[in-house]
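Protein chains: 2
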Amino acid sequence: MADKTLRDILQAHGLKSTFQRLSILEYLMTHETHPTAEMIHDDLSDISLATIYNTLDKLVDVGIIIVIDTLKDDKRHYDYYGEPHYHIINSNTNEIIDADNFDVAPLFEAARQVSGLNITGFHIEIYGVDPDQAK
Amino acid sequence: MADKTLRDILQAHGLKSTFQRLSILEYLMTHETHPTAEMIHDDLSDISLATIYNTLDKLVDVGIIIVIDTLKDDKRHYDYYGEPHYHIINSNTNEIIDADNFDVAPLFEAARQVSGLNITGFHIEIYGVDPDQAK
DNA sequence: AACTAAATTAGAATAATTCTAAAAGAGGGA
DNA sequence: TCCCTCTTTTAGAATTATTCTAATTTAGTT
Chain A
1 MADKTLRDIL
11 QAHGLKSTFQ
21 RLSILEYLMT
31 HETHPTAEMI
41 HDDLSDISLA
51 TIYNTLDKLV
61 DVGIIIVIDT
71 LKDDKRHYDY
81 YGEPHYHIIN
91 SNTNEIIDAD
101 NFDVAPLFEA
111 ARQVSGLNIT
121 GFHIEIYGVD
131 PDQAK
Chain B
1 MADKTLRDIL
11 QAHGLKSTFQ
21 RLSILEYLMT
31 HETHPTAEMI
41 HDDLSDISLA
51 TIYNTLDKLV
61 DVGIIIVIDT
71 LKDDKRHYDY
81 YGEPHYHIIN
91 SNTNEIIDAD
101 NFDVAPLFEA
111 ARQVSGLNIT
121 GFHIEIYGVD
131 PDQAK
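Residue numbers (the numbering used here), protein chains in the order written: chain A, 1 to 135; chain B, 1 to 135.
The structure is reproduced here in structure tokens:
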């Protein structure tokens, strides 16, 4: 992961580059674990927890990452959002799978028709269970 | 709203009928406000806040209602889930619109293909802004 | 190199939600 | 109808993820 690229991403969204932001962004881009603020802080322990939260908020605001807060653990999980995608959550394990094999255009159009709004984004979570488990 | 019907709904999901559960369920069925626990407690002030939370958890567990916790206000909102539907959120006002003009079957099939899971449910939030507002 | 607005930080504060343990109630059976 | 047992309700305390504060440091520009 070239440092240059990370700086470019931040700059493209109007964010100053700092050691902390570069580290956190790289962390999110290279981990598929959908971590919480605390999990990031455990691994990047030189960065204060306040900065972890501040930075995550900023990255969410500009759309670089998104929040997943529909898990049962009462914590916010974060996900690098380079390309739009949806989430499949295994209710047996709470594992989150990224997927993009679905065209959201018809859904956007349906939402526009109902609401009259300009659609700007979406959050989709699909829940499932292991096929051999009762529920 | 016949009391009988409310009891039937609870019973069909294996929940005992209590005055508190009947009141909270009726409240959710007759309000389109997607209330928080606190909002429900404000209106049903004879019911303790602990019971509001306990009951909401139970109703979510059996699938009678669902949680919406992707708003910016850091509170959980609850929604009667008589029929499956998705949510359109106006980012200017945080208003939540219920909509069902979209067939989720293709999305379920896509998710099944990717994950191999038995799909059990979904949460969809579509975000939009008023057309005449920049963003 | 200096300047200024923005970012970082430690620690305190907040507040939504959960927990505890005691009292009340629901529903089934006799 | 009256127990009986298990579940539900409750007030208030406890928890904890997240936010706030105010002082320090830093990034990016002149």
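Just so you know, even glycine gets a beta-carbon here, dropped at the ideal spot from N, CA and C.
With H, G and I counted as helix, E and B as strand and the rest as coil, what does DSSP make of residue i?
{"i": "Tyr81 (chain A)", "result": "coil"}
{"i": "His87 (chain B)", "result": "strand"}
{"i": "Asp98 (chain B)", "result": "strand"}
{"i": "Lys135 (chain A)", "result": "The predicted position of Lys135 (chain A) is uncertain, since its pLDDT is 42 and thus under 50; no value can be drawn from it."}
{"i": "Val104 (chain A)", "result": "coil"}
{"i": "Lys58 (chain B)", "result": "helix"}
{"i": "His139 (chain A)", "result": "In the structure as shown, chain A starts at 1 and stops at 135, and residue 139 (chain A) therefore has no counterpart that could be examined."}
{"i": "Ser45 (chain B)", "result": "coil"}
{"i": "Leu15 (chain B)", "result": "coil"}
Measuring alpha carbon to alpha carbon, tell me which of the options ends up nearest residue i.
{"i": "Leu6 (chain A)", "options": "A:Tyr86, A:Arg112 and A:Gly82", "result": "A:Gly82"}
{"i": "Tyr127 (chain A)", "options": "B:Ala110, B:Val129, B:Asp8 and B:Met29", "result": "B:Ala110"}
{"i": "Glu38 (chain A)", "options": "A:Arg76, A:Ile64 and A:Met29", "result": "A:Arg76"}
From the DSSP secondary-structure annotation, give me the bridge partner or partners of residue i.
{"i": "Gly128 (chain B)", "result": "A:Ile119 and B:Asn90"}
{"i": "Val67 (chain B)", "result": "B:Tyr78"}
{"i": "Thr51 (chain A)", "result": "According to DSSP, which records beta bridges pairwise, Thr51 (chain A) is partnered with nothing at all."}
{"i": "Thr36 (chain B)", "result": "B:His77"}
List, in order along the chain, the chain B residues whose C-beta lies closer than 8 Å to that of residue i?
{"i": "Thr93 (chain A)", "result": "Ordered by position in chain B, no residue passes the 8 Å Cβ test against Thr93 (chain A), which lies about 10 Å from the chain."}
{"i": "Thr70 (chain A)", "result": "Val67, Asp69, Thr70 and His123"}
{"i": "Leu10 (chain A)", "result": "Neighbours of Leu10 (chain A) on chain B: none; closest Cβ ~20 Å, over 8 Å."}
Along chain A, which residues have their Cβ under 9 Å away from the Cβ of residue i?
{"i": "Asn101 (chain B)", "result": "Ala110, Ala111, Gln113 and Val114"}
{"i": "Leu25 (chain B)", "result": "Chain A residues near Leu25 (chain B): none, gap ~22 Å exceeds 9 Å."}
{"i": "Leu59 (chain B)", "result": "Here the premise fails: no neighbours, minimum Cβ distance about 15 Å."}
Which chain A residues are close to residue i, counting only those with a beta carbon under 8 Å from its beta carbon?
{"i": "Asn90 (chain B)", "result": "Ser115 and Leu117"}
{"i": "Leu15 (chain B)", "result": "Ordered by position in chain A, no residue passes the 8 Å Cβ test against Leu15 (chain B), which lies about 17 Å from the chain."}
Which residues in chain B sit within 9 Å of residue i, going by Cβ to Cβ distance?
{"i": "Ile97 (chain A)", "result": "Ala111, Val114, Ser115 and Leu117"}
Next item on the list: Report the residues of the region 111-132 of chain B with a CB closer than 8 Å to any CB of chain A, ordered along the chain.
Entry: Ala111, Arg112, Gln113, Val114, Ser115, Gly116, Leu117, Asn118, Ile119, Thr120, Gly121, Phe122, His123, Ile124, Glu125, Ile126, Tyr127, Gly128, Val129, Asp130 and Pro131
Next item on the list: With 8 Å as the C-beta to C-beta threshold (strictly closer), list the residues of the region 43-56 of chain A near chain B in chain order.
Entry: none
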